[in-house]
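Q: Heads up: the sequence shown is residues 289 to 555, going by this note's numbering.
Quick reminder that beta carbons are idealized off the backbone N, C-alpha and C, glycines included.
Dropping the structure in here first, questions after.
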Amino acid sequence: LNLEPPPPLHRSQVPTISMAESNGIIKSALLVFAMEAEATPLINKLGLKKDDPAVIPPPAPCVTYSGEYEGLKVHVVWNGRCVVHGVDNVGTVPAALSSYLAMQAFRPDIVISAGTAGGFKSQGASIGDIFISTSLINHDRRIPIPGFDTYGIGRLESVPTTALRSALGLKSGVVTSGNSLDYTERCMEIMTSSQAAVKEMEAAAIAWTCSLFERPLFCVKAITDIVDGGRPSQEEFLENLHTAAQALQGTLPRVLGFIAGKSLAQL
289 LNLEPPPPLH RSQVPTISMA ESNGIIKSAL LVFAMEAEAT PLINKLGLKK DDPAVIPPPA
349 PCVTYSGEYE GLKVHVVWNG RCVVHGVDNV GTVPAALSSY LAMQAFRPDI VISAGTAGGF
409 KSQGASIGDI FISTSLINHD RRIPIPGFDT YGIGRLESVP TTALRSALGL KSGVVTSGNS
469 LDYTERCMEI MTSSQAAVKE MEAAAIAWTC SLFERPLFCV KAITDIVDGG RPSQEEFLEN
529 LHTAAQALQG TLPRVLGFIA GKSLAQL
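Dropping the structure here:
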């Protein structure tokens, strides 16, 4: 097994999350959700319909919905439910699968990783806040081998959304992903050194998938719990999930209305 890292990539070779035509007009959007409780309020509000026949066939567990909002084609993919445990398929593996298959099926102009998350009070987060991502990292892929260490962090940039954030009055920051609701001491060191504002379990995987398809991505995350607040995350998450999902329902249509018909440069 050769563990020697390859030569560093030239900047032009580094994968980016961008449309092939950077001045293209946004006519379709794909929203990726991990949990049904996060997706349902938006599906109901926009009147989206479950795709029938399914555009993503079994055995993939994800479920898709489609419709139109203010001239924008809107597609939603939810990771679906685990047939063994009966819970939502959360985490990076289901997120990568769902987003990959949905991008193959719909070829959206832009992708939004939407849902709930933990926030850092040190970065200005409070319960119920909505954050837009600036960049994305992994905090639990710890590979202390030259070359693999930076691969593990896997930092990718979101599409810039300065105008969107200003128009809607939304907060912004680094979104960090890991496959556990809690975290280790080393995870916290990575999150702190990266100035993470939002901690969740899927977005970095979705961003990586977007980089394969050269599709732009940003996250819209509602805060359910405070990572550096002293309370167990699971308690705050369960207390505030419904409230955060409702906050997403109020914000996401405004986000979709803003991006509809615009170019990436206008975001």
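Just list the residues that DSSP pairs residue 357 with in beta bridges.
A: 360
Q: Going by CA-CA distance only, name the one from 461, 511, 491 that's closest to residue 385.
A: 491
Q: Residue 465 by DSSP, collapsed to three states: which one?
A: strand
Q: By alpha-carbon positions, which one of 537, 315, 511 ends up nearest to residue 415?
A: 511
Q: By the three-class DSSP mapping on this structure, what secondary structure does residue 407 have?
A: strand
Q: Where does residue 371 sit, in a helix, a strand or coil, going by DSSP?
A: coil
Q: Identify, in the order they occur along the chain, each residue of the same chain with its Cβ nearer than 7 Å to the Cβ of residue 333, setting aside the five sequence neighbours on each side.
A: Around residue 333, the same chain offers 537, 541 as residues with beta carbons nearer than 7 Å, after the five sequence neighbours per side are excluded.
Q: Residues in its own chain within less than 7 Å of residue 535 by CB, not counting five upstream and five downstream?
A: 416, 418, 510
Q: So, at 6 Å on beta carbons, what are the nonlocal neighbours of residue 399 in its own chain, with the 5 sequence-adjacent residues on each side left out?
A: Once the five neighbours on either side are set aside, the close Cβ partners of residue 399 are 318, 498, 503, 505.
Q: State the Cα-Cα distance for the pair residue 356 and residue 363, rounded to the nearest angstrom.
A: When only Cα atoms are considered, residue 356 and residue 363 end up about 8 Å apart.
Q: Do you know whose CA, among 354, 374, 482, lies nearest residue 331's CA?
A: Cα-wise, what sits closest to residue 331 is 354.
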